[in-house]
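For the record, in the sequence shown the residue sitting at position 36 is 36 according to full-length UniProt numbering, with numbers rising by one throughout.
Glycine included, C-beta positions come from ideal geometry on N, C-alpha and C.
Note that the structure is predicted; figures quoted are calculated from it, not measured.
Before any comments, here is the structure.
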Amino acid sequence: MAQTTPSSQKNIIILGGSYGGISSAHYILKHVIPALPSSSSYQVILVSTSTQAMCRPACPRALISDDFFDQQKLFVGITKGFEQYPTDTFRFVHGTATSLDHTSRTVSVRVAADNSSESFAYHALVIATGASTPSPLFGLNHGESFLRESWAAFRKALPTAKTIIIAGGGPAGVETAGELGEYLNGRARWFSSKLANPKVAITVVTADSKILPALRASIAAKAEAQLAKVGVTVIKNARVTNAVPIGAAAGADSVSKTTVTLSDGKTMEADLYIPATGLIPNTTFVPKELLTSNERVETSSSTLRVEKAGSRVYAVGDVSSAARPAIHILMEAIPVLCANLKRDLLLDTGKAESEVGAERTFKEDTSETQMVAIGTKKGVGAAMGWQLPSFMVWLIKGRDYWLWTTGNLWSGKQWAKET
Ligand SMILES: Cc1cc2nc3c(=O)[nH]c(=O)nc-3n(C[C@H](O)[C@H](O)[C@H](O)COP(=O)(O)OP(=O)(O)OC[C@H]3O[C@@H](n4cnc5c(N)ncnc54)[C@H](O)[C@@H]3O)c2cc1C
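Here it is as structure tokens:
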């Protein structure tokens with residue numbers, strides 16, 4: 001039986017402590033609550049499975065060794081960024097949302113400290129629980145300890161691996177292949193189109209006719225050529241239909257020898273198999289009627305409200321159906337979501353429509369914008385439809401996989417101004 005925490009304050013509950021959740025929390029604390037009459041009667045409660053935020057795009061390189069990044073910057077304690085606010089306006093709960101009742105407007109949370117269940121009533125709710133990956137190597141699916149343990153097991157198996165298969169030709173698969181290729185095999189000389197006899201045979205398998213679906217064919221071809229230089233082969237038009245762990249290590253995610261079957265019937269054996277296909281929205285706690293057919297939270301793509309959930313419920317980031325999953329898109333959504341939340345909260349206090357300003361609308365940037373690092377020195381990409389040279393991709397992304405941006409995000413400096 002869930003224990004209900006009584007609260008004299010109106011709770012603005014945010015689920016998920018990453019790009020979407022931490023950004024919303026800072027924005028609300030800086031620009032929404034101070035604008036409300038009797039602002040001290042509101043409290044932001046941030047609930048997250050992980051006590052730390054991390055620069056998720058860095059995973060393809062970070063999983064190889066801790067030496068690539070300053071670990072103090074890669075993983076940052078969530079609560080540190082919130083010490084700047086009055087203590088009664090913010091609370092962090094280390095736990096996992098297990099059920100949402102949008103009729104009684106409560107969320108049940110399994111608290112990490114003792115596995116007890118606690119129920120929170122919400123006045124407003126932001127769902128930002130993101131998405132998991134089939135591989136445990138790419139994020140905080142089960143918190144930071146689990147991620148570090150997965151990396152440790154992978155690193156232990158890496159020195160003896162002779163064959164690695166990566167399923168998925170999207171950016172995560174391509175970047176992981178590029179990092180592993182450069183680290184394990186080195187790079188072919190500039191006049192060679194591919195690395196002959198790589199030490200480790202690394203294969204990327206994609207169901208598509210090309211890698212990197214969000215980029216045009218000529219850029220994808222450049223990426224494939226760069227991969228060849230670090231000993232990576234790409235198999236196209238073939239889907240991994242089955243991946244069965246072999247032998248003693250079977251069941252140990254990410255470190256088992258694996259038999260991989262492709263849609264053309266071919267089977268291959270890999271010392272390490274990395275599924276880098278697709279995202280699994282973290283929505284098991286959300287009632288089915290609030291989800292789309294692909295398990296995302298059904299969210300208005302213009303207002304970012306979860307309209308079927310009743311008043312003052314919003315979703316943002318990878319969990320939401322509003323836009324495609326990418327950080328630059330999520331960053332554009334935060335000010336819109338928070339402006340609409342502010343408007344809805346002001347209306348709730350009795351303000352008239354004429355006093356609260358117009359509703360903000362979100363418009364997803366659908367331009368060809370994506371950067372993909374290929375090892376520590378190269379990359380491909382485009383920004384707003386303009387192809388970027390490899391050097392620019394390295395400068396903006398490949399040098400440190402956006403770690404230069406996350407300090408301001410986790411501390412809230414990014415949201416100092418209301419935009
Ligand atoms: C390998 C990889 C590389 C990427 N590279 C890029 C890139 O270069 N550029 C880019 O724009 N995007 C990139 N992305 C996508 C980007 O990381 C996501 O768009 C971004 O992380 C989404 O943030 P989010 O806050 O929605 O969710 P997430 O980052 O998924 O975080 C969700 C948080 O919620 C927590 N959580 C989950 N379930 C619950 C629950 N039930 N209760 C409480 N808390 C919960 C999780 O522990 C986690 O902390 C990449 C993704 C991957 C996997």
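In angstroms with no decimal places, state the Cα-to-Cα distance between residue i and residue j.
{"i": "residue 128", "j": "residue 291", "result": "14 Å"}
{"i": "residue 403", "j": "residue 55", "result": "6 Å"}
{"i": "residue 318", "j": "residue 130", "result": "5 Å"}
{"i": "residue 17", "j": "residue 272", "result": "30 Å"}
{"i": "residue 342", "j": "residue 365", "result": "24 Å"}
{"i": "residue 174", "j": "residue 303", "result": "34 Å"}
{"i": "residue 122", "j": "residue 406", "result": "29 Å"}
{"i": "residue 334", "j": "residue 178", "result": "32 Å"}
{"i": "residue 203", "j": "residue 57", "result": "21 Å"}
{"i": "residue 150", "j": "residue 163", "result": "19 Å"}
{"i": "residue 384", "j": "residue 394", "result": "17 Å"}
{"i": "residue 235", "j": "residue 200", "result": "16 Å"}
{"i": "residue 255", "j": "residue 237", "result": "26 Å"}
{"i": "residue 137", "j": "residue 84", "result": "32 Å"}
{"i": "residue 250", "j": "residue 75", "result": "Since pLDDT at residue 250 reaches only 49, below the 50 mark, its modelled position is unreliable, and the value read off the structure follows with that caveat. Each residue's Cα considered, the two are about 30 Å apart."}
{"i": "residue 421", "j": "residue 118", "result": "Since the displayed the chain opens at 1 and closes at 419, residue 421 lies outside it and no answer follows."}
{"i": "residue 241", "j": "residue 264", "result": "9 Å"}
{"i": "residue 61", "j": "residue 38", "result": "47 Å"}
{"i": "residue 224", "j": "residue 278", "result": "20 Å"}
{"i": "residue 423", "j": "residue 257", "result": "Only positions 1 to 419 of the chain appear in this structure, which leaves residue 423 out of reach."}
{"i": "residue 323", "j": "residue 348", "result": "28 Å"}
{"i": "residue 344", "j": "residue 284", "result": "27 Å"}
{"i": "residue 141", "j": "residue 354", "result": "43 Å"}
{"i": "residue 20", "j": "residue 399", "result": "24 Å"}
{"i": "residue 401", "j": "residue 212", "result": "17 Å"}
{"i": "residue 180", "j": "residue 298", "result": "37 Å"}
{"i": "residue 408", "j": "residue 414", "result": "5 Å"}
{"i": "residue 63", "j": "residue 155", "result": "8 Å"}
{"i": "residue 330", "j": "residue 13", "result": "19 Å"}
{"i": "residue 310", "j": "residue 300", "result": "13 Å"}
{"i": "residue 219", "j": "residue 380", "result": "7 Å"}
{"i": "residue 387", "j": "residue 167", "result": "26 Å"}
{"i": "residue 252", "j": "residue 30", "result": "The predicted position of residue 252 is uncertain, since its pLDDT is 49 and thus under 50; a value taken from the coordinates is nonetheless stated next. Going by the C-alpha atoms only, they are around 44 Å apart."}
Taking the DSSP output, what are the residues bridged to residue i?
{"i": "residue 269", "result": "259"}
{"i": "residue 203", "result": "165, 233"}
{"i": "residue 54", "result": "75"}
{"i": "residue 32", "result": "According to DSSP, which records beta bridges pairwise, residue 32 is partnered with nothing at all."}
{"i": "residue 91", "result": "45"}
{"i": "residue 387", "result": "382"}
{"i": "residue 291", "result": "297"}
{"i": "residue 399", "result": "Bridge partners of residue 399: none, in fact."}
{"i": "residue 305", "result": "314"}
{"i": "residue 281", "result": "131"}
{"i": "residue 14", "result": "46, 126"}
{"i": "residue 393", "result": "Its beta-bridge partners do not exist; DSSP assigns none."}
{"i": "residue 244", "result": "259"}
{"i": "residue 274", "result": "166"}
Please name the residue, chosen from the options, that lies closest to residue i on a Cα-to-Cα basis.
{"i": "residue 111", "options": "258, 48, 219", "result": "48"}
{"i": "residue 103", "options": "287, 118, 45, 362", "result": "287"}
{"i": "residue 23", "options": "388, 374, 315", "result": "315"}
{"i": "residue 165", "options": "105, 206, 89", "result": "206"}
{"i": "residue 190", "options": "135, 158, 377", "result": "377"}
{"i": "residue 419", "options": "88, 362, 400, 185", "result": "362"}
{"i": "residue 106", "options": "124, 95, 94", "result": "124"}
{"i": "residue 183", "options": "280, 229, 246, 78", "result": "229"}
{"i": "residue 351", "options": "35, 28, 9", "result": "35"}
{"i": "residue 340", "options": "330, 332, 358", "result": "358"}
{"i": "residue 92", "options": "391, 43, 69", "result": "43"}
{"i": "residue 40", "options": "26, 51, 10, 50", "result": "10"}
{"i": "residue 227", "options": "367, 372, 412", "result": "372"}
{"i": "residue 232", "options": "109, 388, 188, 416", "result": "188"}
{"i": "residue 96", "options": "15, 289, 370", "result": "15"}
{"i": "residue 296", "options": "307, 289, 305, 281", "result": "281"}
{"i": "residue 134", "options": "99, 172, 126", "result": "172"}
{"i": "residue 217", "options": "267, 169, 197", "result": "169"}
{"i": "residue 222", "options": "389, 25, 159", "result": "389"}
Those runs of the alpha helix (DSSP H) which lie wholly inside the region 311-384 and span at least 4 residues: 327-348
Whole runs of the beta strand (DSSP E) within the region 94-174, excluding any shorter than 3 residues: 106-111, 117-121, 124-127, 163-167
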